[in-house]
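J.: If you count by the working numbering, then the sequence shown holds residues 201 to 457, one letter each, in order.
Handing you a structure now.
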Amino acid sequence: MAETEVVKGLWSGLGYYRRADLLHRAARLIDEQGWPKGYEAWLKIPGVGTYTAAALASILDAEVRPALDGNAYRVYARLSNWGQPIDTALSRQFIHDFSQNLVSSSRPGDFNQAIMDLAQSHCLSKNPKCSECPLIEFCEAGRAGTAASLPIKVRKVRVREELWYFGVLRKGDYFGLVQRPIGGIWSGLYTPVPLEKGPTEGGVECIEHRLSHRKLTLCMHPIAESSEVLVWMTAKEWRDKGMPQAFEHWMTKFSYL
Ligand code: SF4
């Protein structure tokens, strides 16, 4: 089984580093304990949530469970013409019960995959193709003409803007780096030294980096020393051991790579 550092290096530049951690931990656990069987067993695998566990259990073990992600929620909300805001406990319970009653008991995996396919082919979030849909006869919203307005969403994702400072410590071709703690952003990867605030003097190099719910502005300041525990690496070594995508942007933009 590969070491964590090797996995992080291979994943470097792809973003969503937590997935590399989870995938690696999942592979280790399956290697030790064998292939999971059933929904509850899949839920114990790192990175597997309720949707993935239900999809795997229904496809691999013929367990009769709906696989509910955002696309499936949309299809079921329309099939039932559910007129309540979708992102509530009441709606989640309703969609769960409604879909649980619909899932084929003889071919649950095929059923879940058919719902996934329908969400991509006909039951699109914008401009659903109800007139061509094979389920129109069974679909409350399709027949009522309300499909395009469903599901009802109330909460919007707010994008937070944040300004982060980093100190760039160099000795020739080597950068002084710190390792991020496990968990959270850039888990276990290497970055320049985080600073509480930017020094008032010296050159500054800033880039913007978007995460799903955050817009980060990262400003790099040259510094002469640091009390942090440092690891010294060339740019290439850093990239091989796991360089967050944001810092790869910075290094490319300012010609360090
Ligand atoms: S009839 Fe329209 S709303 Fe209903 S499942 Fe088909 S595409 Fe979706």
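Beta carbons are placed, not taken as given, at the ideal position from N, Cα and C, and that holds for glycine.
Within 7 Å: the Cβ of lysine 353 and any heavy atom of the ligand SF4?
T.: Translated into the one-based positions of the sequence shown, residue 353 becomes position 153. Checking the Cβ of lysine 353 against the ligand SF4 gives no.
J.: Which whole-angstrom value is the C-beta distance of alanine 226 and valine 207, which I expect to be below 8 Å?
T.: As a working note, residue 226 is residue 26 in the sequence shown. As a working note, residue 207 is residue 7 in the sequence shown. So it is not a contact: roughly 11 Å between Cβ atoms.
J.: Any heavy atom of the ligand SF4 inside 7 Å of the beta-carbon of glycine 283?
T.: Indexing the sequence shown from 1 puts residue 283 at position 83. No, since every heavy atom of the ligand SF4 falls outside the 7 Å radius drawn around the Cβ of glycine 283.
J.: Using 8 Å as the threshold, is the region 306-316 in touch with the region 372-389, meaning 3 or more CB pairs across them?
T.: The region 306-316, when compared against the region 372-389, does not touch it at the 8 Å Cβ threshold.
J.: Would you say the region 240-249 touches the region 297-314, given that touching needs at least three Cβ pairs under 8 Å?
T.: Verdict: no, contact absent.
J.: Terminal residues of the continuous alpha helix (DSSP H) containing glutamine 445?
T.: Counted from its first residue, the sequence shown places residue 445 at position 245. Taken as a continuous stretch (DSSP letters only), the alpha helix (DSSP H) holding glutamine 445 covers 445-453.
J.: Scan the region 289-377 and note each continuous alpha helix (DSSP H) run of 4 residues or more that stays entirely inside, going in chain order.
T.: You should have 289-302, 308-321, 340-344.
J.: By the 10 Å Cβ neighbour count, where 16 or more other Cβ atoms means buried, how is phenylalanine 375 classified, buried or exposed?
T.: Locating residue 375 in the sequence shown gives position 175, where the first residue counts as 1. Under this definition phenylalanine 375 is a buried residue.
J.: Thinking just about the alpha-carbon of each residue, which of Lys371, Tyr239, Phe366, Leu377 is nearest to the one in valine 404?
T.: Numbered from 1 along the sequence shown, position 204 holds the residue referred to as residue 404. Comparing Cα positions, the closest option is Phe366.
J.: Can you give me the start and stop residues for the beta strand (DSSP E) that valine 431 sits inside?
T.: Looking up residue 431 in the sequence shown gives position 231. Residues 431-433.
J.: Rounded to the nearest angstrom, how far is the Cβ of isoleucine 352 from that of arginine 343, given a contact under 8 Å?
T.: By 1-based counting over the sequence shown, the position of residue 352 is 152. By 1-based counting over the sequence shown, the position of residue 343 is 143. Not really, about 18 Å apart at Cβ, beyond 8 Å.
J.: If you pair each beta-carbon of the region 252-259 with each one of the region 321-339, do three or more pairs fall below 8 Å?
T.: The region 252-259 vs the region 321-339: no contact.
J.: Could you tell me the boundaries of the alpha helix (DSSP H) in which leucine 395 lies?
T.: Residue numbering aside, residue 395 sits at position 195 when the sequence shown is read from its first letter. Per DSSP, leucine 395 belongs to no alpha helix (DSSP H); it is in the beta strand (DSSP E), 393-395.
J.: Rounded to whole angstroms, what's the CA-CA distance from aspartate 373 to leucine 416? Just pull it up for me.
T.: The count along the sequence shown starts at 1 and reaches residue 373 at position 173. The count along the sequence shown starts at 1 and reaches residue 416 at position 216. Spanning the two alpha carbons is a distance of roughly 27 Å.
J.: Over what stretch of residues does the alpha helix (DSSP H) that includes isoleucine 243 continue unbroken?
T.: By 1-based counting over the sequence shown, the position of residue 243 is 43. Before going on, a small fix: residue 243 reads as leucine here, not isoleucine. It spans 239-243 - the alpha helix (DSSP H) in which leucine 243 sits, taken as one unbroken run.
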